[in-house]
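Colleague: Residues in the sequence shown are numbered consecutively from 799, following the numbering used here.
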Amino acid sequence: MNKTGIITKKNWKELIRYFLIVLLPLAMIIIVVTILIYFAEIKAQTKFIQTSEHNTISMLMTVITHDFETIVSDLIVMAENNELVDLIESGETKYRKALEKEFASFAAGKKLYNQVRFLDETGMEIVRVNYNKKEAYAVPDHNLQFKGKRYYFRDTFVLKQKEIFISPLDLNVEYGKIEIPLKPIIRLGTPVFDSDGRKRGIILFNYFGAKIIRNLEKTYINSKGELMLINRDGFWLKCPVPEDQWGFMYEGKREKTFQKAFPVAWQTISNNRTGQFFDNRGLFTFTTVYPLRLIKSGTEKASASSIQDGQITENSYYWKIISYIPPEILKNAFRDAESRFVQLNLSLFPLIIICSWLLALAYVRRRRDEDTLKKAKESAESANRAKSEFLASMSHELRSPLHVVLGFSRMTGGSRHLHPEHRKNLNTVIQSGEHLLKMIEDVLDMSKIETGRIRLEERSFDLYGFLDELEQNIRVRAEDKGLQLTFKCFPNTPRYVKADKDRLRQVLENLLDNAVKFSREGKVAVRVKSYKNLSVPHLGFEVEDAGSGIPAEAADTLFEAFAQTKHGDGWQEGTGLGLAVSYRLVQLMGGKMTVISPKPSDFSKDSQTSEILSAKSRSFRLADEKMSESQGSIFRFDIQVGLADSSDLPDSSHTDSLIVEEQVMQKELTALPPELLMQLKQAAIGGNTDEIEVLIEKIRPHDAESANTIATLAHDYEHDKILELIYKNEVDKK
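(1) For the alpha helix (DSSP H) holding P1289, just list the boundary residues, first then last.
(2) Throw me the rounded Cβ distance for the G921 and G946 pair, which I believe falls under 8 Å.
(3) Does DSSP put Y1088 in a helix, in a strand, or in coil?
(4) Q1282: which of A1313, Q1043, L1265 and L1254 sits nearest, CA to CA?
(5) Using CA coordinates, which residue listed in E977, L897, K932 and K958 is at the minimum distance from F916?
(6) Do the region 1111 to 1121 and the region 1080 to 1092 meet, that is, are 3 or more Cβ pairs less than 8 Å apart?
(7) Identify whether H1220 lies in helix, strand or coil by the three-state DSSP scheme.
(8) On the DSSP bridge assignment, give the partners of Q1438 in chain order.
(9) Can you tell me which of the three DSSP states R815 falls into?
(10) Determine the burial state of S1317: buried for a count of at least 16 other Cβ atoms within 10 Å of its Cβ, exposed for fewer.
(11) Pick helix, strand or coil for E1319, following the three-state DSSP scheme.
(12) When you compare only the Cα positions, how much space is there between S1450 and E1232?
(13) Taking S1328 as the reference, which of Q1229, E1307 and T1291 has the closest Cα?
(14) Whole angstroms are fine: how far does the CA of H852 sit from the CA of F846?
(15) Is it right to say P1472 is buried, meaning 16 or more other beta carbons lie within 10 angstroms of its own, or is it exposed?
(16) In angstroms, rounded to a whole number, what distance separates the CA positions of E1024 and T1086?
(17) Going by C-alpha to C-alpha distance, which of G1388, I1508, E1041 and K1321 sits closest to A1297?
(18) Assign W1044 to buried or exposed, taking buried as 16 or more other Cβ atoms, counted over all protein chains shown, within 10 Å of its Cβ.
(19) Alpha carbon to alpha carbon, how far is M1391 from L1254?
(20) Where do the N-terminal and C-terminal ends of the alpha helix (DSSP H) with V1379 fall, by residue?
(21) In the DSSP assignment, the alpha helix (DSSP H) including V990 goes from what residue to what residue?
(22) Which residue marks the beginning of the beta strand (DSSP E) containing W1034, and which one marks its end?
(23) Three Cβ pairs or more, each shorter than 8 Å: is that satisfied between the region 875 to 892 and the region 1033 to 1047?
(24) Could you give the distance in angstroms between the alpha-carbon of V1227 and the alpha-carbon of D1300?
(25) What is the DSSP secondary structure of S1328, counted as helix, strand or coil?
(26) Note down, in chain order, each residue of its chain lying with its Cβ closer than 7 Å to the Cβ of F1075, except the 5 sequence neighbours on either side.
(27) Excluding the 5 residues flanking K1414 on each side, which residues of the same chain have their C-beta closer than 7 Å to its C-beta?
(28) Which word fits F1339, buried or exposed, when buried means at least 16 other C-beta atoms lie within 10 angstroms of its C-beta?
(29) Would you check if the distance between the CB atom of S1145 and the CB atom of V820 is smaller than 8 Å?
(30) Could you tell me the distance, in whole angstroms, from the CA atom of V883 to the CA atom of E900?
(31) Using the C-alpha atoms, what's the distance from R985 back to L858?
(32) Using DSSP with H/G/I as helix, E/B as strand and the rest coil, what is F901?
(33) Measuring straight from C-alpha to C-alpha, what distance separates F955 and I855?
(34) May I ask you to report which of helix, strand or coil DSSP gives D872?
(35) K958: which of I924, I1010, P1089 and I1000 sits nearest, CA to CA?
(36) Quick check on DSSP: helix, strand or coil for K845?
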């Protein structure tokens, strides 16, 4: 891709590579996420199916329970029927006819029983009513049969009053043959007693077993699976294949069992009362029905027997209700989730392909722009280095002849025979040469800074002596212009520090040169403050001038190289490198330089470090048009320092001329009350000028001269000299 946006052959390869780098992870993420969503949906669908099948099995159990409760209730009621009692007591034919009508009405109304019979104590049918789903009718006398040898009569007759007999669910047999069409039957009976408590026979119901099965089918109709009902031996009473049902009734169907069809599932179902499980054949949900337990809930006792097994115990007579969902039905249930999975991927993949292509295109374009920018930057840096090297080379080349010119000029200017006019002209040459030399030094320093060749040389030195020396160098020029020059160290300012003394001197001399140059009258002040509460000790410096202030148009370029500012009626002389070099040197020494113009309130009231130490950008307070042009400016900067002591100095015998003047120290404060001295001492320690001014007015009535002396020192922020006066007074008293 070139500058016109056309993709080149080289860019095509990079574009395709980055496209694949973006596409493949995104595609993997999409696939993984959609797979997780798919499996979560499958899991939720599976849980729903399992819960639904559990609920269905519970409802089927409820249906059977209700059916048996109905049967037991009917049986007990019919055993106590009035017509039956009258027939037993009298044996008259009219009561038998009445009982036939009662049985027929009962069977037709209930529609649940294929036969309703009364058998006497010998097993002979006395009354039998058949119901064929259309009508109920009494069987003629000549068709009544003797059932005394049948298992259901024998096992029912031995029961006590209100005890119930129930047979297995099987097919009805008439005259030794299975009745066609098949008629599933459950026989239920109970003994009948006369008023004397003698057992006179039994009441026997042939309940339509198909009714139970149909009720189960109606309840199961909304299920996704297949309903099965099996007996304790695993023979199907209800299954999806009708030909496999009732295998225990036919000699040729003995192998038609659930166990044969589902051997693995049979192991779990036969050994557990209820449960649900998956195997390779599908989902099985099952429960166990114990008919004798259901009947016992409505009477005192229940028993069961069959032709094959004789007496059957309560726990051995049971059916299994099974809901079976084959794998293909489960797959159909999950097909919607699979469809949504495919649709989601088909809709997302075009989107990620487009996004990947756009990202790859943006990446290639960004790389192109970065390469262009990098080349431009390298070109600019190369040009800048060439400029700096050229300036440094030229500066070195210019300094040598300039030193010669200045040397001969000073030698010639020292001649006693030189004409005054010539001497004046020679002094002009010397001043211009020195100014030119200063500019060359600034250019050389700036080139060193820009090329990274400048190095700090930290060493221990006496800060007080350093400031005293600096003051002496500047004082003559300041006094020549009628300016008052003051240097002030605030309390707790360390005397011995470790820093690059020469670079600090260069910064302060540059600021003081400008302050003297642009101040017409008033005061030029230097104040020094220590910040020891920071993680690294800092010294804060403030240089205040009495000039016309910094104009608004110069604010943004004040510390830039080769920038000149206008002061008063003229522009700053020189190259404009002085402040730029000073600004960069302060940064190298771990600090920050700022300027405030016009001047704010006094420096001593500023107990915070944020203005100097935490400034993130240059900030200016520009002079208001209504203010006078003599507002001046304050340059503030800080540097990191190390703490030292006199033993660290190369020569510790240096004396400090910044210690307060001897004549001032001779002043005695003996006339002042002790409480005022104590308050004054606390205010001086805290550097609180406002509090000191209040105390001065309290001191004045006691000693006006002392008040004036303290006022002079406070005006110049000489709090340490006030403290020395107080300490001297305390020593003299002792």
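Ideal placement from N, C-alpha and C gives every residue a C-beta, glycine not left out.
Modeller: The structure says:
(1) Here the question's residue 1289 lines up with position 491 in the sequence shown. Run containing P1289: none; DSSP gives neither H nor E here.
(2) Locating residue 921 in the sequence shown gives position 123, where the first residue counts as 1. Locating residue 946 in the sequence shown gives position 148, where the first residue counts as 1. In this structure G921 is in contact with G946, their Cβ atoms being roughly 2 Å apart against a cut-off of 8 Å.
(3) Start at 1 with the first residue of the sequence shown, and residue 1088 comes out as number 290. DSSP places Y1088 in coil when its eight states are reduced to three.
(4) Walking along the sequence shown from the start, residue 1282 turns up at place 484. The alpha carbon of Q1282 has as its nearest neighbour, out of A1313, Q1043, L1265 and L1254, the alpha carbon of A1313.
(5) Indexing the sequence shown from 1 puts residue 916 at position 118. When only C-alpha atoms are compared, the closest one is L897.
(6) With the cut-off at 8 Å, the region 1111 to 1121 and the region 1080 to 1092 touch.
(7) As a first step, residue 1220 must be located in the sequence shown, where it is residue number 422. In this structure, H1220 counts as helix in the three-state DSSP scheme.
(8) Taking the first residue of the sequence shown as 1, we reach residue 1438 at position 640. Answer is H1336.
(9) The residue labelled residue 815 in the question sits at position 17 within the sequence shown. The three-state secondary structure of R815, taken from DSSP, is helix.
(10) Stepping through the sequence shown from its first residue, residue 1317 is reached at position 519. By the 10 Å Cβ count, S1317 comes out buried.
(11) For the purposes of this step, residue 1319 is identified with residue 521 of the sequence shown, where counting begins at 1. Per DSSP, reduced to three states, the secondary structure at E1319 is coil, with no helix or strand assignment.
(12) Within the sequence shown, numbered from 1, the residue matching residue 1450 stands at position 652. Within the sequence shown, numbered from 1, the residue matching residue 1232 stands at position 434. Only weak support is given to the placement of S1450: the predicted model assigns it a pLDDT of 43, under 50, and the question is left unresolved by the model.
(13) Residue mapping note: residue 1328 aligns to position 530 of the sequence shown, counting from 1. Looking at the Cα atoms, T1291 is the closest of the given residues.
(14) Working through the sequence shown from its first residue, we reach residue 846 at position 48. Working through the sequence shown from its first residue, we reach residue 852 at position 54. Between F846 and H852, the C-alpha separation is close to 10 Å.
(15) Locating residue 1472 in the sequence shown gives position 674, where the first residue counts as 1. The residue is exposed, with fewer than 16 neighbouring Cβ atoms inside 10 Å.
(16) Mapped onto the sequence shown, residue 1024 falls at position 226. Mapped onto the sequence shown, residue 1086 falls at position 288. Their backbone Cα atoms lie some 17 Å apart in a straight line.
(17) Your numbering for residue 1297 matches position 499 in the sequence shown. Comparing alpha carbon positions, the residue from G1388, I1508, E1041 and K1321 closest to A1297 is G1388.
(18) For this step, residue 1044 is matched to residue 246 along the sequence shown. W1044 comes out buried.
(19) What you label residue 1391 is simply residue 593 of the sequence shown in a count that begins at 1. What you label residue 1254 is simply residue 456 of the sequence shown in a count that begins at 1. Rounded to the nearest whole angstrom, the C-alpha separation of M1391 and L1254 is 18 Å.
(20) On the sequence shown, position 581 is the one that residue 1379 refers to. Segment G1376 to L1386, the alpha helix (DSSP H) holding V1379.
(21) Position 192 of the sequence shown, counted from the first residue, corresponds to residue 990. Element bounds for V990: not the alpha helix (DSSP H) but the beta strand (DSSP E), P982 to F991.
(22) Against the sequence shown, residue 1034 aligns to sequence position 236. That run of the beta strand (DSSP E) goes W1034 to K1036.
(23) A contact is defined here as three or more CB-CB pairs under 8 Å, and the region 875 to 892 fails this definition with respect to the region 1033 to 1047.
(24) The count along the sequence shown starts at 1 and reaches residue 1227 at position 429. The count along the sequence shown starts at 1 and reaches residue 1300 at position 502. Distance between the alpha carbons of V1227 and D1300: 28 Å.
(25) Residue mapping note: residue 1328 aligns to position 530 of the sequence shown, counting from 1. If DSSP states are grouped into helix, strand and coil, S1328 belongs with the strands.
(26) Stepping through the sequence shown from its first residue, residue 1075 is reached at position 277. Closer than 7 Å at Cβ, skipping near neighbours: T1066 and F1082.
(27) Start at 1 with the first residue of the sequence shown, and residue 1414 comes out as number 616. Per-residue confidence for K1414 stands at a pLDDT of 32, beneath the threshold of 50, marking its modelled position as unreliable; no derived number is given.
(28) To locate residue 1339, count along the sequence shown from 1; it is residue 541. Using a 10 angstroms sphere on the CB of F1339, the tally of other CB atoms reaches 16 or more, which defines it as buried.
(29) The sequence position of residue 1145 within the sequence shown is 347, counting from 1. The sequence position of residue 820 within the sequence shown is 22, counting from 1. No; because the gap between Cβ atoms is not below 8 Å, this pair is not in contact.
(30) Translated into the one-based positions of the sequence shown, residue 883 becomes position 85. Translated into the one-based positions of the sequence shown, residue 900 becomes position 102. Roughly 12 Å between the two C-alpha positions.
(31) If you number the sequence shown from 1, residue 858 lands on position 60. If you number the sequence shown from 1, residue 985 lands on position 187. Going by the C-alpha atoms only, they are around 21 Å apart.
(32) Mapped onto the sequence shown, residue 901 falls at position 103. It is helical.
(33) The residue labelled residue 955 in the question sits at position 157 within the sequence shown. The residue labelled residue 855 in the question sits at position 57 within the sequence shown. Rounded to the nearest angstrom, the two C-alpha atoms are 36 Å apart.
(34) Sequence index remark: in the sequence shown, residue 872 carries index 74 (1-based). Taken through DSSP and simplified to helix, strand or coil, D872 comes out as helix.
(35) Counting from one through the sequence shown, the residue named residue 958 turns up at place 160. With distances taken between Cα atoms, K958 lies closest to I1000.
(36) Walking along the sequence shown from the start, residue 845 turns up at place 47. Secondary structure of K845 (DSSP, three-state): helix.
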